[in-house]
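Asks:
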Amino acid sequence: MTFLQRARILLCLSAPAVFGACALPEPPNPETTPPEILYNRALDLLIKNKEYTKAGNEFDAIERYYPYSRWAPRAQIMLAFTYYVKKEYDDAIVVLDRFIQLYPGNTYAAYAYYLKALCYYDQISDVRRDQKMTVAALEALQQVVTRFPLTDYAKDAAVKIELANDHLAGKEMSVGRFYLRQGMHLAAMNRFIRVVKEYQTTDHVQEALYRLTETYLILGLTEEAQKSAAVLGYNYPSGKWYRKAYNLMKKKTNLALNETKKE
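Okay, here's the thing in structure tokens:
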């Protein structure tokens with residue numbers, strides 16, 4: 001979902017009857033200005049002018065001066081979104097957690113959970129680095145799917161869950177390959193097994209099965225190697241990793257036959 005798509009979603013939170021009617025030349029006094037005017041002015045600052053800090057300050061003022069108005073929860077959501085746009089994710093999460101605690105049944109609760117998940121998801125780093133944010137993103141995205149299964153947020157969250165799982169599987173493969181290169185075969189094997197068991201829907205499973213075949217052969221576990229190669233061939237018969245596994249097993253078989261002949 002792009003920034004513009006998210007902006008359009010959030011624009012639905014505004015009041016059509018008054019939107020655009022608050023182009024004030026100077027910042028209004030929040031103590032005397034109606035909250036709907038403050039809200040729409042802040043929205044203009046955010047969407048039209050991209051003055052994110054000013055917009056955030058005015059959204060925050062609504063919650064402070066009119067905490068019991070119907071504009072307060074909307075302003076909090078928009079404040080969180082403003083932090084998100086600025087990539088100030090920790091601040092956004094603080095606001096969203098507070099919103100969820102104060103307004104669990106609010107119309108915008110689904111979006112609050114979704115935006116919180118995005119704050120983690122957008123911080124996912126390269127597979128060579130720590131994946132703490134990936135794990136946090138998965139947990140937050142799963143909450144969106146579980147709590148709001150019939151929403152568009154849940155649909156997008158489900159897609160992102162698959163991508164996050166693929167990322168974690170990629171991390172496991174990266175570590176497993178490193179162990180394999182270092183001759184730490186048992187450690188490598190455990191990483192590849194984890195990919196096969198925990199990330200079955202990802203594209204990394206094919207390579208994991210091949211690497212298991214390779215590792216088992218190195219460890220002298222020929223029967224286990226045959227099993228992993230067979231699983232690979234059954235599920236991905238036309239894949240490059242099965243061809244590699246097949247050739248590996250064929251080479252092993254030929255070597256074994258040659259050894260038998262010598263005896």
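In terms of this note's numbering, the sequence shown has 12 at position 12, counting the first letter as 1, and numbering is strictly consecutive. Cβ atoms here follow ideal geometry from the backbone N, Cα and C, with glycine treated the same way.
1) Quick one: what's got a C-beta closer than 6 Å to Phe-192's C-beta in the same chain, skipping five residues either side?
2) Measuring straight from C-alpha to C-alpha, what distance separates Ser-238 and Ile-161?
3) Note down, in chain order, each residue of its chain lying with its Cβ closer than 6 Å to the Cβ of Leu-45, except the 5 sequence neighbours on either side.
4) Using a Cβ-Cβ cutoff of less than 6 Å, which residues in the same chain neighbour Gln-143 once the five nearest sequence positions on both sides are dropped?
5) State buried or exposed for Pro-73, treating a residue as buried only when at least 16 other CB atoms are found within 10 Å of its CB.
6) What do you reckon, are the CB atoms on Tyr-121 and Ala-109 nearer than 8 Å?
7) Grouping DSSP H, G and I as helix and E and B as strand, with all else coil, what is Glu-51?
8) Can you grab the Cα-Cα spacing for the pair Gln-206 / Gly-233, in whole Å?
9) Closer than 8 Å is the cut-off here; do at least three beta carbon pairs connect the region 195-204 with the region 162-172?
10) What three-state label does DSSP hand Phe-59 in the structure shown?
11) Look up Thr-222 in the DSSP assignment and say whether it is helix, strand or coil.
12) Among Glu-214, Pro-67, Met-133, Val-95, which has the Cα closest to the Cα of Lys-252?
13) Straight-line CA distance for Asn-190 to Val-95?
14) What are the boundary residues of the alpha helix (DSSP H) that includes Phe-178?
15) Measuring CB to CB, does Tyr-83 end up less than 8 Å from Ala-75?
16) For Met-78, which residues from the same chain have a beta carbon less than 6 Å from its beta carbon, with the 5 sequence-adjacent residues on both sides left out?
17) Give every residue of the same chain whose Cβ lies closer than 7 Å to the Cβ of Glu-264, excluding the five residues on either side of it in the sequence, and list them in chain order.
18) Quick check on Leu-102: buried or exposed, where buried means 16 or more other Cβ atoms within 10 Å of its Cβ?
19) Rounded C-beta distance between Leu-186 and Leu-217? I'm assuming under 8 Å.
20) Compute the Euclidean distance between the alpha carbons of Asp-97 and Glu-139, then round it to the nearest angstrom.
Replies: On the basis of the data shown:
1) Once the five neighbours on either side are set aside, the close Cβ partners of Phe-192 are Gly-176, Ala-208, Arg-211, Leu-212.
2) If you take the alpha carbons of Ser-238 and Ile-161, they lie about 27 Å apart.
3) Here the set comprises Glu-51, Lys-54, Ala-55.
4) If the five residues before and after Gln-143 are omitted, its C-beta is found closer than 6 Å to the C-beta atoms of Tyr-113, all from its own chain and listed in chain order.
5) Buried.
6) No, they are not a contact pair.
7) Glu-51: coil per DSSP, three-state reduction.
8) Roughly 9 Å between the two C-alpha positions.
9) Judged by Cβ distances under 8 Å, the region 195-204 makes contact with the region 162-172, as three or more pairs qualify.
10) In the three-state reduction of the DSSP assignment, Phe-59 falls in the helix class, which pools H, G and I.
11) DSSP places Thr-222 in helix when its eight states are reduced to three.
12) Check the Cα spacing between Lys-252 and each of Glu-214, Pro-67, Met-133, Val-95: the tightest is with Glu-214.
13) Answer to the nearest angstrom: the Cα atoms are 40 Å apart.
14) From DSSP, the alpha helix (DSSP H) with Phe-178 extends over 152-181.
15) Against a cut-off of 8 Å, the Cβ pair of Ala-75 and Tyr-83 comes out as no contact.
16) Same-chain partners within the cutoff: Phe-59.
17) Summary: the structure shown does not reach residue 264, with the chain confined to residues 1 through 263, and so no result is reported for it.
18) When all chains shown are included, Leu-102 counts as exposed.
19) Between Leu-217 and Leu-186 the Cβ distance is about 14 Å, and since that is not below 8 Å, they are no contact.
20) Those two C-alpha atoms are separated by around 14 Å.
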